[in-house]
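Heads up, the thing below is written out as C-alpha cells.
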Amino acid sequence: MPDRLGVLTSGGDAPGMNAAIRAVVRTAASAGWDVIGFRRGFCGLIDDDALPLTPRSVANILQRGGSILDTAREARFRDEQVRRAACEVLDRRRCRALIAIGGEGTQTGASRLQAVWDGHVLGVASTIDNDLGGTDHSIGFDTACNTALEAIDRVRDTANALDRLFFIEVMGRNRGFIALAVAIGGGAEAVVLPEVELDPGALLEVIHGNYRRGKLSCIVVVAEGAHPGGARGLLDELDARGAGLRDLPGAGPRVTILGHIQRGGNPTARDRLLASRLACAATRAAIAGQGDRLFGVRGETICATPIADAVAEKKAIDPSLLELVNTLAG
Ligand code: F6P
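Under my numbering, the first residue of the sequence shown carries the number -11, and numbering increases by one thereafter.
Here you go:
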C-alpha cells in the first residue's frame, strides 16, 4: 500500500491555497505517495472528514481563490485531548505526515499537534496578512495587495474628480504589512499603522499641507488594526478634535472599507509561484521523513524553520518603507 500524507487549509483563506494543495498532491504522486485532504482545517481532522486527492482531482484549481478543502478557525483544537484524538484519526487514516497550509493560528495548531503526534507535521506559510514569522512573504499577500491597489486606484479617480479626502481601510489583522505596501503602490499621502503610535496632529498637518500644496485629492490608508474603530473610528477621533476635515474641498471626507474582497480572487503569478514552490518543498520534506518545519522564503530562497520558532518570531515592518510613503507623498 502506498505511503500517505494529509493536507489541510486553515484560518483565513488566502489566494494561492489551491495552488499549494495542487502542488502537494502532484509532488506526492510523483514519489508514489497518496494524499487525503481534510475539510475545513482542523475541524476535518477532529471530525474525520476527509477526501482522497489525486493529480486529476486537483486539475484546474491552480488559478482559483478560496480553498477546495474549505477552511475554518477551530477553537476545539486548543484542547490537548482533542489534538490527541486527531492523532488517532491521522493514524487510522495511515497518514505519515500532515501538511498544514495557513497563517499564525494554523501554524500554532500545527506545532501543538507535532508535540503529541509521532508523524511529521509540515507548515506552508499562507496568509494575506503576511504577519507570520519564518518567511518574508506568505501565500496570498501579493494578491491581496494587488486587489487592494486596484480598488485604491479606482477611489483615486473619484477622489481626484471631487478634490476629496478618503480614508481607505485595508485588512491585516493587527499588523500593517498590507497597508504599508499598498500605501506605496497606491501613492497614498499618508498611512496609519498599528506598529506606529498615532500622532493626530502630524496626520492632520499632512492632510492640510497636501491641499495647501495644491494637490487635488488625499488618500490616507488605514490598517484595520491601527485604531479601535478602524478608519471610521479614526475619522471620528479627528473630527472630535475639531480638525476641520469637513471644511476641506469635496464636501467632506469619505471612508472606504475594502474588507473581504482582499481575500478573494485569482492568485497573482507571484502567489502561484510561491504556493507551488513552498508546497512542493514541504511535501518533499515530509517524504524524506522530516517534520516540525514551516516552509517560507527569505529573499527568493526557500527556507524551513521550526514551526514554533516561526510563530514566535515578531516580524518588523521596514521603517524605510514608511519613510518612503512620506517622501513620495510630495
Ligand atoms: O487573517 C486574514 C484576515 O482576513 C485578516 O486580515 C482579518 O482581520 C481577518 O482575517 C478577518 O477574519 P474574518 O474572515 O473571520 O472576518
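Backbone N, C-alpha and C fix where the C-beta goes; we use that ideal spot for every residue, glycine too. Small disclaimer: the values here were computed from a predicted structure and weren't measured.
Checklist line | The beta strand (DSSP E) enclosing T96, as first and last residue numbers | finding: That residue, T96, is in no beta strand (DSSP E); its alpha helix (DSSP H) goes E92 to V104.
Item checked: N134 versus R242 - alpha carbon distance -> 22 Å
Next item on the list: Taking E76 as part of the alpha helix (DSSP H), name the residues at either end of that continuous run.
Entry: E68 to R80
Check: With which residues is V170 paired in a DSSP beta bridge?
Finding: Note: V170 sits in no beta bridge, so no partner.
Next item on the list: Just the C-alpha distance for G128 and R234, rounded to the nearest angstrom, thanks.
Entry: 37 Å
Next item on the list: Check the C-beta distance from G396 over to T115 and give it rounded, since I have them as a contact under 8 Å.
Entry: Because the chain is modelled from -11 through 318, residue 396 falls outside the range shown and cannot be assessed.
Notebook entry, point to check: Hey, L39 and G25: beta-carbon distance below 8 Å or not?
Noted result: yes
Check: Going straight from the alpha carbon of R281 to that of E311, what length do you get?
Finding: 34 Å
Notebook entry, point to check: Of the choices V(-5), I172 and S18, whose alpha-carbon is the least far from that of D58?
Noted result: The option with the nearest alpha carbon to D58 is V(-5).
Next item on the list: Pull up the distance between the alpha-carbon of N314 and that of V109, whole angstroms please.
Entry: 43 Å
Next item on the list: Please state if the CB of I166 and the CB of I156 are separated by a distance shorter than 8 Å.
Entry: no
Check: What do you reckon, is the C-beta of E62 under 7 Å from a heavy atom of the ligand F6P?
Finding: no
Next item on the list: Could you name each continuous beta strand (DSSP E) segment of 3 residues or more that falls completely within the stretch 21 to 60, going from the start of the chain to the end?
Entry: 22 to 26 and 38 to 41
Checklist line | CB of R54 within 8 Å of CB of G240, strictly | finding: The sequence shown places Gly at residue 54, not Arg. No, these two residues do not count as a Cβ contact at 8 Å.
Check: Do you know offhand how far T181's Cα is from G213's?
Finding: Residue 181 is actually Leu in this sequence, not Thr. Going from the Cα of L181 to the Cα of G213 covers about 7 Å.
Next item on the list: With DSSP collapsed to three states, give me the class of V194.
Entry: Residue state, collapsed to three classes: helix.
Note to self: What does the alpha-carbon distance come out to for the pair V112 and A296?
What the structure shows: Per the coordinates, the alpha-carbon of V112 lies some 13 Å from the alpha-carbon of A296.
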